[in-house]
Structures are given as C-alpha cells and as structure tokens.
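A.B. asks: Pasting in a structure now, in structure tokens, and then I'll have a few things to ask.
There are 4 protein chains.
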Amino acid sequence: MANRLLKTALIGQGFMGRAHSNAYRQVRHFFEVPFDIETTVLCGRNQAALDAMAATWGWHETSTEWRAIVERPDIDIVDIATPNALHAEIAIAAAEAGKIVFCEKPMAMSAGEAARMAAAAKHVPNMVWHNYRRVPAIAYTRRLIDEDRIGRVFHYRATYLQESGTDPTRRPSWKTQKASAGSGAMGDLMSHVVDTALYLNGPIAAVAAMQHTFAEGRDVDDAALVLVRFVNGSLGSFEATRYATGCRNANRFEIHGSKGMAAFNLENLNHLQFLDATEPRNLQGPRNILVTGPDHPFSSNFWKPGHVIGYEHTFIAALGEFLRALAEGQPFHPNFEDGLRVHTVLAAIEQAAESKQWIELL
Amino acid sequence: MANRLLKTALIGQGFMGRAHSNAYRQVRHFFEVPFDIETTVLCGRNQAALDAMAATWGWHETSTEWRAIVERPDIDIVDIATPNALHAEIAIAAAEAGKIVFCEKPMAMSAGEAARMAAAAKHVPNMVWHNYRRVPAIAYTRRLIDEDRIGRVFHYRATYLQESGTDPTRRPSWKTQKASAGSGAMGDLMSHVVDTALYLNGPIAAVAAMQHTFAEGRDVDDAALVLVRFVNGSLGSFEATRYATGCRNANRFEIHGSKGMAAFNLENLNHLQFLDATEPRNLQGPRNILVTGPDHPFSSNFWKPGHVIGYEHTFIAALGEFLRALAEGQPFHPNFEDGLRVHTVLAAIEQAAESKQWIELL
Amino acid sequence: MANRLLKTALIGQGFMGRAHSNAYRQVRHFFEVPFDIETTVLCGRNQAALDAMAATWGWHETSTEWRAIVERPDIDIVDIATPNALHAEIAIAAAEAGKIVFCEKPMAMSAGEAARMAAAAKHVPNMVWHNYRRVPAIAYTRRLIDEDRIGRVFHYRATYLQESGTDPTRRPSWKTQKASAGSGAMGDLMSHVVDTALYLNGPIAAVAAMQHTFAEGRDVDDAALVLVRFVNGSLGSFEATRYATGCRNANRFEIHGSKGMAAFNLENLNHLQFLDATEPRNLQGPRNILVTGPDHPFSSNFWKPGHVIGYEHTFIAALGEFLRALAEGQPFHPNFEDGLRVHTVLAAIEQAAESKQWIELL
Amino acid sequence: MANRLLKTALIGQGFMGRAHSNAYRQVRHFFEVPFDIETTVLCGRNQAALDAMAATWGWHETSTEWRAIVERPDIDIVDIATPNALHAEIAIAAAEAGKIVFCEKPMAMSAGEAARMAAAAKHVPNMVWHNYRRVPAIAYTRRLIDEDRIGRVFHYRATYLQESGTDPTRRPSWKTQKASAGSGAMGDLMSHVVDTALYLNGPIAAVAAMQHTFAEGRDVDDAALVLVRFVNGSLGSFEATRYATGCRNANRFEIHGSKGMAAFNLENLNHLQFLDATEPRNLQGPRNILVTGPDHPFSSNFWKPGHVIGYEHTFIAALGEFLRALAEGQPFHPNFEDGLRVHTVLAAIEQAAESKQWIELL
C-alpha cells in the first residue's frame, strides 16, 4: 500500500529551520511510518538565504508570504520556526485552514496567546517542538518513573544554564528583544525546564520566583529562578539563565525519590545517572548509564548500542513519534495543550517574580 | 622558648566530640603553633561512654557537670559539642568566665540566642566550627575570587543534600527534635550552606523560601529551599535537605562570574572544578583540579601533592589557624560574629518560608 | 555552475551500509562541496533486505552482483561495506575500473592484501572509513599537537573496550569467524586504535604483544594487548578486546607530553580532556572540553556550540572532507596507503604475539 | 586488663617517617587493639631534623645509630622507612634480634634481598607497608571478588601514573639513584601495582615488558610497561611512570569479569566504580560508589558515612589490622612473604624488559 504523502511548509529559515529540515530528511531513515514527507515549500523573509537553504535541504519551493502558504490547499503540514512574535498568528491561521500544525517553543508570547492557539488547534493534529522529551535519557527517566523505580518523589531540581549573555562580542538578536521574543531566558530556556518537569514530575501547585536582567538596556529577562511545589508533594526548584559562565548547554535535572535518584545533563546527552536505593546500601552509587541500548528509548531506531546520537536526533524522534501517532489515530504529546500548560506555568513564574508573592496554580 | 599550655575542656561526647578530639591530638603534627594543647577534661552525661572516649582520645579527666568545668580557673578553652539546645548557656557562661570559647554549628537555637552569645563572647577569643571554610578546595575558591579569577559574580548556587530522612530504619535522635536541635536541615545543613556563601560571595540582601517536613509527626524541617539576592548583585539559590536519595554528603556550590566558574562537591573533597573564561573559547572546559598542592591551601601542612586528605583535616586546619591567629593577636574567622550572621540569614529564611514573603536583610 | 554528479554504488547491506547511506544523504546538508551525490545502486546478497534498505535510504537500484556494478561505466564511486573477506577483490576490481573507491575498515584480511589494494588504488581517489579521525575531539587533539600544546610525547596509551564477547545470547556472526573477518578484535577494534595512534602520534618502531581467545571453539582473537615503541621516542600500549564487561564502546586514548595531556573516550564522543602543563601548577587540572565549538573541528558544519553530535557525523565529516579534497585536487587521509600502514602494524602485532618476540617495524 | 605496651623504633625521618608516625599516634583512636604503642625512638642521620620531628610527633628519644636501636632489648617494633638500600640489612638484623619488623615498600633492592629478608623474618611478626590494600575501595573490591560479583576475570589493567619526572625544577633525590633506591618507577610505583594485582587477581604466570629512562644521565627507570598473563587465565597490563603529565597520583585499576566490572583511581580515594553485569542491560552503568559506609571496609573505624578519609588512613588501618592479627595470633598480609612475591614479579619484569622475552614465573 502506498504511503500517504504529506506536503510540508516550513516557515522560518534560522537555526531551528535547519533542525526541522533535517528531521524531515531523516525521519524515514530511522522510523517506519506510513507517510512520505515532501519538503514542499520553505518560507522566510530573506530570499537569498531562502534559496541557499532550499538548495541545501531540498525544499522544492520558497516563499516570503506565509499567508499564501497557509491558504494553499495542497499543503498538509505547516511548521512554524519563526521568531516567537509570529507563532500565534501563523498557528491560528494554519489551524483554521485545517493544517497539521507544528510550532517551535516557546509556543507563544504569553499564556493568553497560547490559550488561543490551543483552542484554534483543537481539531487539527498538532505538536510543539519540545524536542527534549525525545532525548533517550529523558524518555528513559519517564520509563523508570512509570516502573516505580524512583518511588515517591521528594525533590525535583532543574537548571538550564547557558552563557550567551556573558559574551560581549555577541550581537543582539530577536531572541534578546521583547517585541520579537516576548521574553529572554524564560521562553528560550525555562520553557524547556517546565515542559520536562511537567512530563517527568506532573503538575505544579505553586511557585515563587525572581527574574533578573544583567545586560543594561535589555528589555527581557536574562535569568529566572523559581521555587516550586508540585501537586505530588515534592519540592522543586527551576533556574534558567544566559549568564552561567562555563555552561554551554547545561539543561540538567535531578530527581530524588523514595526508591531511587535520576540525574541528567544535556551536555552529556547520551548518559543518565540512576541510583537504585532499594539495593544494599554498600552497593549503591549513581550509575552512569549510556542510554544507547539495548532496550532504551529509540535505541532500535538509530545505531547499535554504544553508538551515541546527537542533538538533531531528538527532532527526528519527535517527528517519528508524531507520525506514528497520526497513523494510529493516537494522541501525541507534547501538543498545543501541553504548550499551554507550559505557558500557564511561565505566566505564574512571571507573576510571582513581579508581585514577590507565591502564586497558586490550582 | 616554651610553648604556652592551653588546657582544654570538651563538652560533648558524640560524633562531633570525636572530630574535635582528633583535632586536638593532631594539630601540632601539622601546624606550627606556639601552644601545647592539653586535652584536660571531657564532659558529657553518660559516664561509661565518657570513660571509654577519654581512654581512646587521651582526655585526662571526665566530668558530667559542665558548670563546674566552666568555673575551673585552670581551663583555657571551653569547646562546646553538645546538642544545640545547650550551646548558648554554656557559651555565655564560658565567655563570662573569660575562657576561649569554641562552639559547634549551628551556633544557636535562634538568631536571638546567637546575638546574646556573640555579645557575651566579644572579649574572649572564639570560634564557630564551620569547618568547611578549611576544605582546601573552598579556601582555594576564596583565593581565586580574591585574585579576580571569577570576576563579577552572576550566580551562586548551593545545595547540601543528604538522605538520612529516607532511611526508615534510622532512629530519631536529638537532631530530629525541635527541643534539642531547634531545627532540622536548617541548622544541620543550611547553616553550612549559608556560612560558605557568606564566606565566598558576601552578604545577602533578601530571601524567599519554603520549608517542608516529609516525616509524619516530626517537628523540625526536613528540607528548605531558598531564593537569594546577594548584595553584590548576584542571584543565588540554596537548598538543604535530608531527603535527597542517593546523596551521602553532597555539600555543593557553583559560582558563575564574568571571568570564570567554580564548582565543588564535598563528596569529592579534594577536587575543585574551575573554568577560566578569559581563555580562548575552544580551550575552555571545567578543570578538575586536585587541590592537594603544590601551592594550594594547607597543602604544605599535610601530605605531598597528590595525597588526599579527609573530613577530619578541616577541623585540624581550623584549629591550626585559630591558634596561629591567637598567637599573632589577629582576628579569626568564622567567629561568633560570623555565626550570628549565619543565624540572621537562617532566621530570615524561616520568616520568608512562614510568611510566604520576600524578606529583606538590609 | 552545476555540481558534478557522483553516482555511487554501495556494496554491503549491514550496519555499516546504513552508516554510509546516511553519510550520502546528509553530506550536502552540512558540507559545501561542488558535487551532487546520487545513491545509485545498493548491492548485497539478500534481495528482500536490499529492497527494504533501498526504500528506506533512497537507493535507486539494487543488485546482487557486485562485479556487474563495478563494470558499469556510469558509476563513479564504489563503496565497500561487505564482510572483510570481500574487500580486496572488490576494491582491486573497482580501482582497476577507475572508480573512486571507499573501503570499510579493517581494509583487508592481511597486510599482503592491503598492499595489493593500495597498489591497485594508486591512481584513483580512495578512502578507508577510519571515521574516528573525524570525531571533533580527535581532530582537535591533532590540532593541539600541531600547535605544540602537548609538547614532546612521553606516553601514548590506547584501549578499545567492548563487551560483545561476554554476552552468551549473542549469535556468532561473520565478525567472529576467520574465513569472513580475518581476525576478531584485531581487525574490528585494534585497527581503529592503530589508525588513531598513527594519526596522533606517528609511526611505530617496535611492538610486543599477546592475543587471546576466550570463547571456546572460536578461530579469531577476542583480545589483544600490545607494548609499543613509537619512532618519536614515546612509550605506548594498545589494547583491544570484546571481553571488557561494562564497556559499550570505550575507544579511549591518553597522551602525556612535556607540555600537556589529552584524554578521550568515544562513549563521551563530544568531550576531550586536556591539561595544560605550562600553567601554574595550582591551576592545572584536566579540562573537560565540550568540543562543539566555537572554533572546534566541524563545529561550523553541524549545530550551534553546545549542541552535541553523534556517531554518524564522523562518517558525514569524512565524506565531506574527502569530497572537498577531491574538488581541490588535494590528498585525502586516511586513504589506502594509510590503511596499509595500519595493516603493517596489525601484522607485526600478530607476529609478535605468535613468536613471543619484539617485532621491529622499521 | 592492661594493654601490652609496644615500644617502637622508627628508622627514617622523611615523608614516609611522618606517615608512619601519624599511624602510631592515631591507631588507638580508630582501632580497638589490646596494645599501647609507645613512640620510643626515632632514628635518622640528621640530628637537627630528628629533634624537630621528634618534638612534632612525640618520639621520646632520637638516635643516629640504627644498629644500637635494633639491639636494645626494650624495643618491640623496628619500623624501617629509610632509603631502600638500607632495608635488607636493618630488617634482617631486627628480625634476628627477634623484633616485630615493619618495612616500607619497595621491601628490597632485589628479589634476592627480599628472599633473604623473608627468610630472616620467618619467625617474627612482620609487615610490608603496602598500605593501599587498606584503601577502603580496594579492600571493598577484594570483597566484591570474594562474593563472586566480578565472576571469572577476563582483564586486569593497572597504571600508576605520576609526573614528577616532568618537573625540571625538581632536584634529584635518593629515589632517582640506583645506589640508594635500586630502581626508579619500578620500586616506587610498580611495586604498588604488583602488590594490588596479586591481592585482587592472584598470581602471575608470565610477563613481557619494556622499561625506559627519559631523563638523561639517570641510572634508574622512569617508566615501565608490562603485559601480563595471570594464573587465573585473565590478561593484564601494568604501567608505572613518572612521566605521566597531568597525573598527580593516579594509581588506577580496571577489572572486567563475567559478572561485573570494577575500576579505581587513587586520586579519588573514596570512590569505587562498580558495574553489575547480571542486571538487565538497560539498567547497567558503572556506579560511582562512595566507599565510606555503611558496611564498607573500615567505615565503622573512621567517620560517619559520607565523610571521606585520606591517604594517611591507609597506614592507620594497616597498623590497626596488623595489631589485631597480632593479638589474635592470626596471619597478617601483606607480610615479607608477600613482599617477596612482589619482588619476584618485579625481577621478572626487569628480566623481560632486558631480554626482550616473555618470562614465565611458574
């Protein structure tokens, strides 16, 4: 039986556009799905760059008019990788046009926008590119939790540490301006922290927070720190910052439960630390598990055990699982509802920081 | 010239009493000081245990009456290693009797007690056993900061993670009861976190916090988490918990500054992570420095470079430096004033947790 | 100007065939080269598997007759990923037909075969897939050596540790039989060790060795250990084994020189340990460098700094650099001459193990 | 019942003399033994230094005549911490005088000397200070082996890496001259490697080796590398060097067996890596065990779990266990027979290096 053809439009020509393009090119190499993906049209503002990127990544057409694309009846998927300020308008238009909609994170400029997007996308298949849920080590942590190997959770501690802010030679970009990005470290980094926390440790009951901008004259946050009470009774802390000198991409978490401990750092994407607290005490120690199989998430999709994967594979795996869910008529996560949940927490953090009060989420 | 003899009374016969006893036996082996230490009298409540401990550690006499000891004119040093509830009364009496006073941490049951102790001890040499200031890696971090190798500090992140709370076979002790300990993780662990933070990163401007007791029926905190604004403009977070499964004694900090990064974990007492951000980016990475010399703090006191030291050496070094300061008529830190500073922060944390408000310290 | 089209035939349908297929699909996405790669024909023995693999990876045709393919005038590249026993015959035929020839490692069944292959390929562009030269951390080590940051080398220590042999459920494969593989750990793992050593530390003067087969009835080596004298005066040791319980893919080296130290483990593909011994001693420690840029090998080709790559990227980078060299008329390494150098060392190791003598290579 | 008093004479006033002195002062603090140790007389050549050291460490008398001391009837223990060249003569004299004899490693200048020493000491209690057998992590490895948690051993890999040789400012000492030391890295470092290997993995069947002197004009080895066949069928390699830039004191081993893996590095004295290969594969990873209790070797002697110990504790524990064995009339290891076993292997290594042949030991 022939595969169904999915004609795809990608709106966005930056770094994330490359990562998504790669996922479209690679997904069929690693995931068996009953779809063919056509990289139909690449949309952006800079025609010369569009031409080059289309040539490199095999996009059939280019366009500088996203509205025209969204209206094209032949397009099946609209994938949004623009600056954040455009997410909502495009996503809502695409959803209303009945497209499958993918959206980069942070999904929106605000929780209000996210709510409108989620409402609009209710009747179309959709995905937010919180790609880190498909890091094998993170998916494996989820499995360890499901298998009750962590037990009752006491503590969940997460930090996303980068150092872009400390580099004086770095030029301002859309990511450091409120008009285009909506926020700074909050949308860029904290949204990942929150999505992973919700995925692994469930809903949040209350937060206290502080935000700070180190760079003079910048109108977005450079760093945010949060105290968290989870609904499951565990205590948490989140931190996201662009001023963590020495950290290239340290998206980390540590979970302590009654039966075990797990710890992760994205700079060591292929490893997970796990401690089994049910063993004799003298044999306990954090195990450095190389999460490349056998019997690890996605290990049968990619290479042989012991052969590590990289950043890009998290996009491939997200897309692969989305397509499998689509084929099977199953729900997929993270979708726009999940993105809205993230934004609801982000909004509470901002409110807590501004009001200097604890904010209850439930 | 003969050394001055210092007759020492140790009040306390538990784990800390052993650590102090060891320091008295060892200090002259590693530090040149113009004093002889006589381990004159060991004081506690359990006579059988006192006898055994005195025999093991060479205490000349034993006593079950601390008041009598404090009044003895021949005693030079009164060292307090009792449950916290007794610290203030003994310390004030000893100070009023003109003794040199040493006190285990947490110094007091409350900031009020700490203030009275500091006032009473104003005119006698005194020390709080915040021994971790003498971990070579921590003292070396202080030196790196002094040499401006960290630069302007952006972030200071500290956790003291233990797992005693998760062990159902563990019996309650004086450390888990409010009447004897005053607090739980706060006095036991957070006091170390705060002292080290004040030592390395200076005074604190404001805190927000939460505290929690996981164990049913316990009247002290099992865990506390804090957001911190330091006076130097950096953002901080503190966490102290007895429910961090998998962590035996993870007293950790991470500092990110404009010029470098430093990170430490007491479970790796002899190592410091340091990153020099002034180097070419492609050569940067956290260096795992084995802080055993040459030219590291205390490295000339103990063994040869590459030969690691342990927990007990931090007490020996604290005592050694106290005695050197005493001989030279120089101030010593941490003293009761420093202990009071710690308790002022602890009190603000408790108040912040209780009131769910930010508490300003200045 | 239009790119030159290179029609490619891949002979081999196993794990390495997948890795090569991926390189063909991906190279143009990350490397600017004036060639288009057509994945023209996939050749193997199992038609059903060929069909599936061709469908997945976009091979236009399939074939079960490698001879016919080698004779096809339209084919530009013949890429050999078969069991080792077929390498020489195919490679020589392809070279004699004037093809560009790529060959998986180990290049040959013996040094004699390797010599005939190298002779045959003298007049055609060629490559051996010693892909690990393109691990960024390994290429960066080469750069550190070139910049004299290691200095005069004293020691070079390398191990390639896997555990496949210890798994009783693992079925024998062509890799564990002399007729198809020529050797065991020697060709499979030691060939990588030797190629990397020659790349980083130069030619070898003499070896002593032992080999061992743990598995009963197996006619190839499971493990080999070697003492090495390098021409540059440094002392080395090599080990390759399939019985290193606990090691998934631990291809490691450590280099100690008069100015610095470097250490690597393929299980942490994105990291390099580097110590600068010219700094003040108290600041020295092995730095854990995340070799993902900026200014690291291939960092501008793949993702942003801090975003890790995986196993497959080493093939993409090897192919990318081969094509760039081809375009510029420059020599490329590792080529068949380099492969012959590896086999000359492997033969000396085998001879040393068998004779229980040191074997001089020069 | 009163303890028996053991009057001790220490011959040697260098670094090891300090380490032994410390053990005498500390052993009763941590080990319950029915002996009192009197630090009776300290013997050396430099009277001024002797006086200072005696004052620091509490030696009652000093002497520059070891012969007179050995003949003193009141002395119970003669402890030899001199340059190696004096070990045999003193040890034999002391043994013949009926003393308990302790000897620093390397025990002798040659296997012949070691044999004469072992013969002479046959009828007196004796010990060689191969202190690393009392590193808790090493003793725990021995226990894991005894509990069959490693299984049949396939590989044993050990290196002792120091960098003293690379320091041009370092003055020659008795340790770098054949007349006083007998050898270089061989006696200093390799003797530890061999003793630990014999302790953990049993007797050695055959060796091949190379030795090298990097420093011009030096008459002892700077480095030695060895291939090893153990009697238990496992393959081994040993390396000892003073030219391992970047390594302060990296005494390391890795053991791979059918059931597990263990790995150690003295620079992380308190940790052991252990992998349990009998678990499900996806849960396997090297565990970083903090070997400080509960239920670890010596953990009940020293501090609480999680409170690390240092280099000196290995001497205290060796002495403590020697005294316990003495009290119970049990054999103690490592004794002079064990020291002879080490020297037999060292001699075989030297012979193998010189002859460029494999040397059989059995």
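Chains as they are written, first to last, in my numbering: chain L, 1 to 362; chain Y, 1 to 362; chain R, 1 to 362; chain U, 1 to 362.
Beta carbons are placed, not taken as given, at the ideal position from N, Cα and C, and that holds for glycine.
The structure displayed is predicted, hence computed values, not measured ones.
Comparing alpha-carbon positions, which option in R:4, R:71, R:81 and R:27 lies nearest residue 12 of chain R?
C.D. replies: Ranking R:4, R:71, R:81 and R:27 by Cα distance to residue 12 of chain R puts R:81 first.
A.B. asks: Can you list, in chain order, the residues of the region 282-297 of chain Y whose Cβ is nearer than 9 Å to any Cβ on chain R?
C.D. replies: Flagged, chain order: 282, 283, 284, 285, 286, 287, 288, 289, 290, 291, 293, 294, 295 and 296.
A.B. asks: Rounding to the nearest angstrom, what Cα-Cα distance links residue 311 of chain L and residue 103 of chain U in this structure?
C.D. replies: So the two alpha carbons sit approximately 57 Å from each other.
A.B. asks: Note the first and the last residue of the continuous beta strand (DSSP E) segment covering residue 236 of chain L.
C.D. replies: Per DSSP, residue 236 of chain L belongs to the beta strand (DSSP E) from 235-241.
A.B. asks: With a threshold of 8 Å between beta-carbons, can residue 333 of chain R be considered close to chain U, or not?
C.D. replies: Cβ-Cβ to chain U under 8 Å: no for residue 333 of chain R.
A.B. asks: If we cut at 8 Å on Cβ distances, does residue 266 of chain U have a partner in chain R?
C.D. replies: Not closer than 8 Å to any Cβ of chain R, the Cβ of residue 266 of chain U fails to qualify, so no.
A.B. asks: Any idea if residue 296 of chain U is buried or exposed, counting beta-carbon neighbours within 10 angstroms, 16 or more meaning buried?
C.D. replies: So residue 296 of chain U counts as buried.
A.B. asks: Please list, in chain order, the residues of the region 296-318 of chain L that have any C-beta partner in chain R closer than 9 Å.
C.D. replies: Those residues of the region 296-318 of chain L that come within reach of chain R (Cβ to Cβ, closer than 9 Å) are 302, 303, 304, 305, 306, 307, 308, 309, 310, 311, 312 and 313.
A.B. asks: How many Å lie between residue 308 of chain U and residue 292 of chain U at the Cα?
C.D. replies: One C-alpha to the other measures close to 6 Å.
A.B. asks: Residue 39 of chain U bridges to which residues according to DSSP?
C.D. replies: Its beta-bridge partners are U:8.
A.B. asks: Report the rounded CA-to-CA distance for residue 148 of chain U versus residue 161 of chain U, giving the unit in angstroms.
C.D. replies: Answer to the nearest angstrom: the Cα atoms are 29 Å apart.
A.B. asks: Taking residue 243 of chain U as the query, report the chain R residues whose CB atoms sit under 7 Å from its CB, ordered along the chain.
C.D. replies: Chain R residues near residue 243 of chain U: 154, 155 and 256.
A.B. asks: For chain U, check one thing: does any of its Cβ atoms lie closer than 8 Å to the Cβ of residue 354 of chain R?
C.D. replies: Not an interface residue.
A.B. asks: Can you list, in chain order, the residues of its chain whose CB lies under 7 Å from that of residue 290 of chain Y, leaving out five sequence neighbours each side?
C.D. replies: Cβ within range, chain order: 270, 271 and 306.
A.B. asks: With a threshold of 8 Å between beta-carbons, can residue 184 of chain R be considered close to chain U, or not?
C.D. replies: So no, residue 184 of chain R is outside the interface.
A.B. asks: Taking C-alpha atoms, which residue in U:327, U:357 and U:347 lies nearest to residue 34 of chain U?
C.D. replies: Ranking U:327, U:357 and U:347 by Cα distance to residue 34 of chain U puts U:327 first.
A.B. asks: The alpha helix (DSSP H) that contains residue 56 of chain R, what's its start and end?
C.D. replies: Residue 56 of chain R -> alpha helix (DSSP H) spans 47-57.
A.B. asks: Looking at C-alpha atoms only, which residue of Y:257, Y:16 and Y:87 is the closest neighbour of residue 120 of chain Y?
C.D. replies: Residue Y:87 is the option with its Cα nearest to residue 120 of chain Y.
A.B. asks: Could you compute how far the alpha carbon of residue 95 of chain U sits from the alpha carbon of residue 26 of chain U?
C.D. replies: So the alpha carbons of these two residues sit roughly 25 Å apart.
A.B. asks: List the endpoints of the continuous alpha helix (DSSP H) containing residue 195 of chain U.
C.D. replies: Where residue 195 of chain U is concerned, the enclosing alpha helix (DSSP H) stretches over 191-201.
A.B. asks: Say whether the region 232-241 of chain Y touches the region 150-159 of chain Y, bearing in mind that this needs 3 or more beta-carbon pairs closer than 8 Å, one atom from each stretch.
C.D. replies: Segments in contact, yes.
A.B. asks: Is the CB of residue 127 of chain Y under 8 Å away from at least one CB in chain L?
C.D. replies: It does not: the Cβ of residue 127 of chain Y has no partner Cβ on chain L nearer than 8 Å.
A.B. asks: Of all Cβ atoms in chain Y, is any one closer than 8 Å to the Cβ of residue 22 of chain U?
C.D. replies: Yes - at least one Cβ of chain Y is within 8 Å of the one on residue 22 of chain U.
A.B. asks: By the DSSP assignment, the beta strand (DSSP E) with residue 211 of chain L in it spans what residues?
C.D. replies: That run of the beta strand (DSSP E) goes 204-212.
A.B. asks: Any idea which residues DSSP pairs residue 103 of chain U with across the strands?
C.D. replies: Note: residue 103 of chain U sits in a beta bridge opposite U:80 and U:128.
A.B. asks: Hey, how far is the Cα of residue 255 of chain R from the Cα of residue 263 of chain R?
C.D. replies: Going by the C-alpha atoms only, they are around 6 Å apart.
A.B. asks: With C-beta atoms as the reference, is residue 107 of chain R less than 8 Å away from residue 285 of chain R?
C.D. replies: Against a cut-off of 8 Å, the Cβ pair of residue 285 of chain R and residue 107 of chain R comes out as no contact.
A.B. asks: Starting from the N-terminal side, write out each stretch of the beta strand (DSSP E) that is 3 residues or longer and does not extend beyond the region 140-175 of chain R.
C.D. replies: List check, beta strand (DSSP E) in window: 153-161.
A.B. asks: Based on DSSP bridge pairs, tell me the residues matched to residue 188 of chain L.
C.D. replies: Paired residues: none, contrary to the question.
A.B. asks: Compute the Euclidean distance between the alpha carbons of residue 53 of chain U and residue 224 of chain L, then round it to the nearest angstrom.
C.D. replies: Their backbone Cα atoms lie some 56 Å apart in a straight line.
A.B. asks: From the DSSP output, in three-state form, read off residue 21 of chain Y for me.
C.D. replies: Residue state, collapsed to three classes: helix.
A.B. asks: Short of 7 Å Cβ to Cβ, which residues in the region 109-141 of chain R face chain L?
C.D. replies: Answer in chain order: no residues at all.
A.B. asks: Can a CB atom of chain Y be found closer than 8 Å to the CB of residue 164 of chain L?
C.D. replies: Not one chain Y Cβ lies under 8 Å of residue 164 of chain L.
A.B. asks: Using DSSP's beta-bridge definition, name the partner residues of residue 298 of chain Y.
C.D. replies: Partner(s): none; residue 298 of chain Y has no beta bridge.
A.B. asks: With respect to 7 Å, is the separation between the Cβ of residue 154 of chain Y and the closest non-hydrogen atom of the ligand GTP below this value?
C.D. replies: No copy of the ligand GTP occurs in the structure displayed, which carries no ligand at all.
A.B. asks: Pick out whichever of L:76, L:43, L:357 and L:110 has its Cα sitting closest to the Cα of residue 183 of chain L.
C.D. replies: Of L:76, L:43, L:357 and L:110, the residue nearest in Cα terms is L:110.
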